[in-house]
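J.:
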Amino acid sequence: MPEGNEIHRFAKQHAAALAGHRLHVDSPNGGFPDATVLDGRTLKSVEAYGKHLGYVFGKDLIVHVHLGMYGDFWEGQMPLPPEKGALRLRMWNKTDWIELRGATDCSIFDEEKWAALLARLGADPLRDDADPDPAFAVIRKRKTAIGLLLMDQRIFSGIGNIFRAELLYRARIDPMRPGKDVSLAELRSIWKDACKLMPEAMEDRRIVTTRPKDRPHARRPVQDEEVHYVYRRHNKPCFVCGATIKRQEMGGRTVYWCPQCQAN
DNA sequence: GTGGGATGGGCAA
DNA sequence: TGCCCCTCCCACA
Numbered sequence: 012m013p014e015g016n017e018i019h020r021f022a023k024q025h026a027a028a029l030a031g032h033r034l035h036v037d038s039p040n041g042g043f044p045d046a047t048v049l050d051g052r053t054l055k056s057v058e059a060y061g062k063h064l065g066y067v068f069g070k071d072l073i074v075h076v077h078l079g080m081y082g083d084f085w086e087g088q089m090p091l092p093p094e095k096g097a098l099r100l101r102m103w104n105k106t107d108w109i110e111l112r113g114a115t116d117c118s119i120f121d122e123e124k125w126a127a128l129l130a131r132l133g134a135d136p137l138r139d140d141a142d143p144d145p146a147f148a149v150i151r152k153r154k155t156a157i158g159l160l161l162m163d164q165r166i167f168s169g170i171g172n173i174f175r176a177e178l179l180y181r182a183r184i185d186p187m188r189p190g191k192d193v194s195l196a197e198l199r200s201i202w203k204d205a206c207k208l209m210p211e212a213m214e215d216r217r218i219v220t221t222r223p224k225d226r227p228h229a230r231r232p233v234q235d236e237e238v239h240y241v242y243r244r245h246n247k248p249c250f251v252c253g254a255t256i257k258r259q260e261m262g263g264r265t266v267y268w269c270p271q272c273q274a275n
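Numbering of the first sequence is given in the numbering used here, commencing with residue 12 and proceeding in unit increments.
#1: If cysteine 206 and valine 241 are in contact, beta carbons under 8 Å, what's the gap, nearest whole angstrom?
#2: Asparagine 40 and leucine 98 look like a contact to me (Cβ under 8 Å); what is the Cβ gap, rounded to whole Å?
#3: Tell me the start and end of each unbroken alpha helix (DSSP H) in the segment 12-73 that is at least 4 residues and wholly inside, in chain order.
#4: Could you check the C-alpha separation between phenylalanine 250 and glycine 158 for me, to the nearest Å?
#5: Count the other CB atoms within 10 Å of the CB of glutamate 236; is the residue buried (16 or more) or exposed (fewer)?
#6: Mind checking whether arginine 153 and glycine 190 have CB atoms under 8 Å apart?
#7: Apart from the five residues just before and just after leucine 161, which ones in its own chain have a Cβ nearer than 6 Å to its Cβ?
#8: Output the distance between the C-alpha atoms of alanine 114 and tyrosine 81, rounded to the nearest integer angstrom.
#9: Cβ of leucine 91 within 8 Å of Cβ of phenylalanine 68?
#10: Please classify threonine 47 as buried or exposed, where buried requires at least 16 neighbouring CB atoms within 10 angstroms.
#11: Give a yes or no on whether the C-beta atoms belonging to aspartate 71 and aspartate 121 are separated by under 8 Å.
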């Protein structure tokens, strides 16, 4: 379900609810063989990098979670709810519980494996320690379309299909434009925009990218059909110029853009 | 009621 | 490149 904004929110919320406590851990429907190793241990912290989560129980005892397309957490106050669906991992203390379903990966990493993962992730707009300069340098050398490069987690991390479409629209850049033809100023602008939009989405628990002046009707709260300029708006008129929003397959994912606002 | 698509990425081939 | 993990929602009948 998530892009980086939701991953970082999970990290913050799960740390607030569970870190510093001895936890009960189990895996009612399997898929996570080592739950007994964790049961009764103290969760030290919850880390988020890009779309990856790490639940740190010890130096070589880090539960790596990648939600992929279908994974999701459910959260709540004790008592535990009845078991439902394919429940891969469940953690709880006296007051709070979290449940994990459908993740692409949920397994124990040692320190070395965790470090190797972080080493191959690009700059994350949601992290204060992120340095985007290497990403800019790589993009400026590549013929590959900027729409593909923005999604490459080795270049940037945490940006998914929604932010790709919306960041490129807000920058008025055609997703098909080669990376090397995107100026440094444009790349800096995209990064700055991501550093504003992604934390907002984390707080709001939804991705809103349209500016108030561009919404077709000034209503409060923002209606669902108004939150994106182009993402999933194919065959609908652009809020800004009225042209019909297009969509196309790009690297196995669907990209959306305005052929008039992003004609370059 | 049904079927297709979706915020992701690893894997086999 | 195509398939898979597994869940929800929407368009369409």
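Idealized CB from N, CA, C, for every residue including glycine.
T.: According to the structure shown:
#1: Cysteine 206 to valine 241, Cβ: 20 Å. No contact.
#2: 5 Å
#3: 15-29, 46-49
#4: 21 Å
#5: exposed
#6: Against a cut-off of 8 Å, the Cβ pair of glycine 190 and arginine 153 comes out as a contact.
#7: Ile170, Arg175
#8: As the crow flies, the alpha-carbon of alanine 114 is around 7 Å from that of tyrosine 81.
#9: no
#10: exposed
#11: Cβ atoms of aspartate 71 and aspartate 121: closer than 8 Å.
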